[in-house]
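Here is the structure we will look at.
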Amino acid sequence: MNHKETAIYEISKDILSRNIGDNIDTIMNYSERFDISLGTIHKVLQILDSNNIVKLYKKGKYGTLIENIEYSKLFEILGYKYLLCVMPITYSKIYKKIMDNINNSFNLPIPLYFSHMRGGYIRLKLLIENVYHFGIVSKLAAMEAISSGLNLEIIEEFGYRSYVTKHIILKRKDQEISIIGMDYDSNDHLFLTKFNFQDMKDVKMIDIKYSEVIDRLLDKTIDAAIWNYDDILDKMFTLESNGIVVEDIADNDSNLLATEAVIVINKDNDIVRTIFKKFFKREKFKLI
């Protein structure tokens with residue numbers, strides 16, 4: 004981008020962080036912040052005003068104030084024609100409620116789209132690569148990813164049991180556990196499996212897709228696996244008739260972190276952080 008294009012982008016980004024009635028920064032400060040000449044900054048402010056992207060008015064010693072912001076035009080300048088969220092495949096009612104609540108909690112001037120994908124770690128990696136603007140994962144997955152060095156930030160937290168009600172162990176009845184299924188693409192499944200089976204000796208852990216846990220139990224490929232309690236409620240008859248039983252896991256902090264939904268962004272994405280601050284109404288997010 005040339006100096007003029009850079010100034011348009013940076014000043015638009017700055018205005019997004021402000022509200023109607025706020026002062027904008029001085030031309031001198033913009034010039035110093037963006038290392039762009041005073042003349043170019045002045046011209047860019049005139050362009051934004053004359054194109055009705057932001058209406059400005061001068062108030063003497065009080066500086067220049069924002070009279071109106073045309074957010075759809077502002078987002079276009081910033082390269083945001085839509086907002087894209089990545090979240091789990093909506094096989095449970097809670098995931099569908101999360102999606103509906105995010106829709107209801109936003110008052111956006113641009114469309115909001117959802118992409119559904121298995122594997123919390125993959126979803127988080129794609130946030131780092133800026134394929135998606137924000138993601139829904141468990142707090143456990145987000146914290147594990149951040150502690151491993153991924154440049155992510157949790158910007159919204161929704162409390163225990165907002166992601167899943169709880170996790171349980173599915174196992175074959177009267178069968179000694181020797182083979183455990185574990186999805187290596189899922190932070191939650193990986194951690195919960197290792198954590199809740201850590202005291203078992205001489206067991207083999209094999210890589211399976213999380214969505215195939217029940218199938219692998221039925222065909223006797225595995226003897227046990229961690230599973231989402233919400234997804235077995237309509238399968239209890241099938242499970243019981245095939246000798247598969249449910250075992251609860253402890254309600255300790257580690258297991259409970261996997262039940263909490265959080266919204267995560269790329270830590271360097273100031274624009275998405277500002278969008279949430281201005282357009283996401285947390286009080287409207289209610290899963291009950």
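Mapping to the working numbering: the sequence shown position 176 is 179, numbers consecutive.
The beta-carbon is built from N, C-alpha and C at its ideal position, and this holds for glycine as well.
Since we're looking at a predicted model, the values are computed, not measured.
Using the Cβ count rule (16 or more neighbours within 10 Å means buried), how would you classify residue i?
| i | result |
| --- | --- |
| VAL47 | buried |
| PHE194 | buried |
| THR29 | exposed |
| SER141 | buried |
| THR224 | exposed |
| ASN106 | exposed |
| LEU41 | exposed |
| SER15 | buried |
| LEU236 | exposed |
| GLY138 | buried |
| GLU250 | exposed |
| ILE217 | buried |
| GLU147 | buried |
| ALA55 | The sequence shown places Asn at residue 55, not Ala. ASN55 should be labelled exposed. |
| ILE209 | exposed |
| ASN32 | exposed |
Kindly identify the DSSP beta-bridge partner or partners of residue i.
| i | result |
| --- | --- |
| ASP210 | MET185 |
| PHE117 | CYS88 |
| LYS61 | THR67 |
| ASP251 | ILE171 |
| GLY138 | VAL89, VAL267 |
| LEU155 | ASN269 |
| ALA144 | Paired residue(s): none; ALA144 is not in a bridge. |
| GLU73 | Answer is none; GLU73 lacks a bridge partner. |
| PHE109 | PHE283 |
| ALA10 | Partner(s): none; ALA10 has no beta bridge. |
| ALA261 | Partner(s): none; ALA261 has no beta bridge. |
| ILE229 | ILE172 |
| GLU160 | VAL265 |
| ASN26 | LEU68 |
Please return the same chain residues whose Cβ sits closer than 6 Å to the Cβ of residue i, not counting the five positions on each side in sequence.
| i | result |
| --- | --- |
| TYR116 | TYR85, LEU87 |
| TYR98 | PRO91 |
| HIS6 | ILE39, THR43 |
| TYR166 | SER141, THR262, GLU263, ALA264 |
| ASN190 | GLY123, TYR124, ALA144, GLU147 |
| SER34 | LEU41, ILE44 |
| SER20 | THR277 |
| ARG121 | ILE92 |
| ASN70 | Reading off the sequence shown, one finds Glu at residue 70, where the question assumed Asn. Closer than 6 Å at Cβ, skipping near neighbours: LYS58, TYR60. |
Give every residue of the same chain whose Cβ lies closer than 7 Å to the Cβ of residue i, excluding the five residues on either side of it in the sequence, and list them in chain order.
| i | result |
| --- | --- |
| GLN49 | none |
| HIS192 | MET185, ASP186, TYR213, ILE229 |
| HIS45 | ILE30 |
| ILE125 | ASP188 |
| PHE282 | PHE109, ASN110, LEU111 |
| MET102 | MET90, THR93, PHE117 |
| GLU160 | LYS142, GLU263, VAL265 |
| SER150 | none |
| ASP271 | ASN154 |
| ALA10 | PHE37, ILE39, THR43, ILE44, VAL47 |
Below 8 Å on the Cβ atoms is my guess for residue i versus residue j; work out the distance and round it to an integer in Å.
| i | j | result |
| --- | --- | --- |
| GLY162 | ALA144 | About 16 Å separates the two Cβ atoms, so there is no contact after all. |
| ILE158 | ARG276 | 6 Å |
| VAL57 | ILE72 | 5 Å |
| SER108 | LYS284 | 5 Å |
| ILE131 | ASN104 | That pair is no contact at about 25 Å. |
| ASP226 | ILE180 | 5 Å |
| ILE113 | PHE78 | 5 Å |
| LEU81 | TYR12 | 7 Å |
| ASN269 | ASN133 | 6 Å |
| ILE182 | LYS207 | 5 Å |
Excluding the 5 residues flanking residue i on each side, which residues of the same chain have their C-beta closer than 8 Å to its C-beta?
| i | result |
| --- | --- |
| LYS96 | ASP233 |
| ASP177 | GLY246 |
| PHE198 | SER257, ASN258 |
Beta carbon of residue i: closer than 8 Å to some heavy atom of the ligand GTP?
| i | result |
| --- | --- |
| LYS197 | Summarising the ligand content, the structure contains no ligands, and the ligand GTP is consequently not present. |
Can you confirm whether residue i, when its beta carbon is compared against all beta carbons of chain C, has any partner nearer than 9 Å?
| i | result |
| --- | --- |
| ALA253 | No chain C is present in this structure, which holds just one protein chain. |
Hey, is the segment 241-251 in contact with the segment 259-267, meaning 3+ C-beta pairs nearer than 8 Å?
no
Decide yes or no for the touch test of the segment 159-179 against the segment 230-238: beta carbon pairs closer than 8 Å, at least 3 of them.
yes
Count the CB pairs spanning the segment 15-27 and the segment 60-77 that are closer than 8 Å, and state whether there are at least three.
yes
Take every Cβ of the segment 73-80, pair it with every Cβ of the segment 251-262, and state whether three or more of those distances are shorter than 8 Å.
no
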